[in-house]
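Student:
There are 2 protein chains.
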Amino acid sequence: MKFSVVTSNVHKAREIAAFFKGVAEVDHISLDCPESRDDDIGVIARKKAEYAYAALGMPLMTDDTAFSIGALRGFPGPYAAYVHRTIGNPGILRLLEGKLDRRAYFETAVAFASEEGIRVFRGRIEGRVVSPRGSDGFGYDPIFEWEGRTLAELSLDEKSRISHRARALSLLKAWLETRDFQVRQLRE
Amino acid sequence: MKFSVVTSNVHKAREIAAFFKGVAEVDHISLDCPESRDDDIGVIARKKAEYAYAALGMPLMTDDTAFSIGALRGFPGPYAAYVHRTIGNPGILRLLEGKLDRRAYFETAVAFASEEGIRVFRGRIEGRVVSPRGSDGFGYDPIFEWEGRTLAELSLDEKSRISHRARALSLLKAWLETRDFQVRQLRE
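Heads up: the protein sequence lines correspond to chains Y and G, in order.
Under our numbering, think of the first position of the first sequence as 593, with each following residue one higher.
Under our numbering, think of the first position of the second sequence as 593, with each following residue one higher.
1. Between which two residues does the alpha helix (DSSP H) carrying residue 578 (chain Y) extend?
2. According to the Cβ coordinates, are residue 701 (chain Y) and residue 609 (chain Y) closer than 8 Å?
3. Which residues of the segment 603-631 of chain G have a Cβ closer than 9 Å to any Cβ of chain Y? Give them in chain order.
4. What are the residues that DSSP puts in a beta bridge with residue 624 (chain Y)?
5. In chain G, what lies closer than 8 Å to residue 679 (chain Y) by C-beta?
6. Is there a C-beta anywhere in chain Y that falls below 8 Å from the one on residue 751 (chain G)?
7. Have a look at residue 633 (chain Y) and residue 681 (chain G) and give me their C-alpha separation to the nearest angstrom.
8. Return the bridge partner residues of residue 653 (chain G) from the DSSP annotation.
9. Quick check: the segment 617-631 of chain Y against the segment 689-709 of chain Y, are at least 3 beta-carbon pairs closer than 8 Å?
10. Name the DSSP beta bridge partners of residue 781 (chain G), please?
11. Output, in chain order, the set of chain Y residues within a Cβ distance shorter than 7 Å of residue 639 (chain G).
12. Pick out the complete alpha helix (DSSP H) segments inside the segment 719-756 of chain Y, 4 residues or longer, and give them in chain order.
13. Go ahead and label residue 749 (chain G) buried or exposed: buried means 16 or more other beta carbons lie within 10 angstroms of its beta carbon, across all protein chains shown.
14. Listed in chain order, which residues of the segment 727-745 of chain G have Cβ atoms closer than 8 Å to some Cβ of chain Y?
15. Put residue 689 (chain Y) into one of helix, strand or coil per three-state DSSP.
16. Taking all protein chains shown into account, do 16 or more other C-beta atoms lie within 10 angstroms of the C-beta of residue 742 (chain G), making it buried, or fewer, making it exposed?
17. Does the beta carbon of residue 719 (chain Y) come closer than 8 Å to any beta carbon on chain G?
18. So what does residue 636 (chain Y) bridge to, in DSSP terms?
19. Under 8 Å, do residue 641 (chain G) and residue 703 (chain G) count as touching if we go by C-beta distance?
Okay, structure coming up:
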């Protein structure tokens, strides 16, 4: 089986290709898909996949990630990248000053499009916002604590294994394997 | 001359139709255009117009508005609506605590699409972020001061006359009138 990752991020495409080794052959297509401004990244990923499938007409996946803080009504949500570029971690910590509820989560939605339609798979890791710790990682990693350590205190390897994206991709992988198995059974 | 306003906001469409009375007949088309995540609303409005023109093939306009705070590197920018829904004015004021530079602006970009291509017109009002004052208006109006008063201290009429959107629409109106005049001259 073969599909394409539609993203402008070469790095991400390479990681995903490695993740599917032995299960699927994964190409990279760099296409700029418009991102709808829905608060739900599942909807955003699905619309990107619709757009890309209309343009390319071959099996593909798109993804989108949010960082949501409960006490801030989900902010920064799907706009995590923009918010990080502007107010950054100091801004987030300032917004949370004096708030006791520090719960937050990262969520990735992966949308897989093929002639059968579009399926969305989600992966989430739940944790809390803390003062910055650790020197690995980027973005919100130093202020997001998961099971006692911040993401910036995990090795890249460990982080890749437990990440929201890895969780969403695992669901897609399992689904593709089952589907492949069914297709083979139908043929036999 | 005749064109359509493509927006899901009926209210906005009606206001724009009134604005162009005597110059152009303005229809409302409710179409959900994907919004690219560019930091520049000129690019966002242009891409919405491209999308809508590809779908409808008739003269139309789209628009997009940003609220940009200098000391926050332009935040909340094109995501003003989402940010208002989540952290709101208290969040903005908290992020600015202790900052002396309070400059901010509202900007609207209007994109007009026709068989001649797409043109973008921009309108901006510059002011500063202050503690909330006034009871008219909505969104960031109470914390945005323009020439001594917050937008929530202006009457709706006054606000409509000086607004960023009115400024952008005036440029479009002037351009349409000039173009119309040229078309008439060609015909005579």
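The beta carbon of each residue, even a glycine, is placed where N, CA and C say it ideally should be.
Values in this document were obtained by computation on a predicted structure and should not be read as measured data.
Tutor: Well, looking at it:
1. No statement about residue 578 (chain Y) is possible, as the shown extent of chain Y runs from 593 to 780 and does not include it.
2. no
3. 624, 625, 626, 627, 628, 629 and 631
4. Looking at the DSSP assignment, residue 624 (chain Y) forms no beta bridge with any residue, so it has no partner.
5. 664, 665, 667 and 687
6. no
7. 25 Å
8. G:597 and G:704
9. no
10. Any question about residue 781 (chain G) goes unanswered here, given that chain G covers just 593 to 780.
11. 626
12. Here the runs fully enclosed are 748-754.
13. exposed
14. none
15. coil
16. buried
17. For residue 719 (chain Y), no Cβ of chain G is located within less than 8 Å of the residue's own Cβ.
18. Partner(s): none; residue 636 (chain Y) has no beta bridge.
19. Yes, the pair counts as a contact, with Cβ atoms nearer than the cut-off.
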